[in-house]
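Take a look at the structure set out below.
Here it is, written out as structure tokens:
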């Protein structure tokens with residue numbers, strides 16, 4: 009069993025930046041990690057991915073203003089989003105997929121972009 013705990017959410021003004029963190033209870037060395045988000049009243053969507061080999065992928069909505077990174081030694085995954093927009097408002101979830109395709113989710117952290 010793996011526990012994932014997100015942090016770093018909060019209220020941010022449009023144009024600002026935010027860095028979300030995800031702390032894992034176990035080693036993430038072999039695991040693929042993702043950030044998802046669920047805007048109010050909408051479906052959960054993939055924001056960014058980073059594989060165990062450090063390959064990254066981004067949703068078009070955040071491409072060019074977002075960076076996903078990982079620190080396996082600290083069992084941490086990060087998501088930096090710059091130039092925040094109102095439509096970035098959502099609950100952001102950390103997701104882990106093991107090599108055996110077992111999935112784990114955090115409970116989420118709320119990001120509100122508002123002036």
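Residue numbers (the numbering used here): 9 to 123.
A virtual CB, placed ideally from N, CA and C, is assigned to each residue, including glycine.
- Message: Can you tell me where the beta strand (DSSP E) holding residue 9 begins and where it ends?
- Response: First-last for residue 9: undefined, no H or E at that position.
- Query: Does the Cβ of residue 36 have 16 or more other Cβ atoms within 10 Å, making it buried, or fewer, making it exposed?
  - Reply: buried
- Item | Within 8 Å, strictly: CB atoms of residue 66 and residue 28 | no
- Message: Check whether the segment 68 to 88 and the segment 41 to 55 touch, using three or more Cβ-Cβ pairs below 8 Å as the test.
- Response: yes
- In terms of DSSP beta bridges, what is residue 40 paired with? 105
- Evaluate residue 111 with the Cβ neighbour count: other Cβ atoms within 10 Å of its Cβ, from every protein chain shown; 16 or more gives buried, anything less gives exposed. exposed
- Task: Tell me whether residue 81 counts as near the ligand PLP, meaning its Cβ is closer than 7 Å to at least one heavy atom of that ligand.
- Result: This structure does not include the ligand PLP; it has no bound ligands of any sort.
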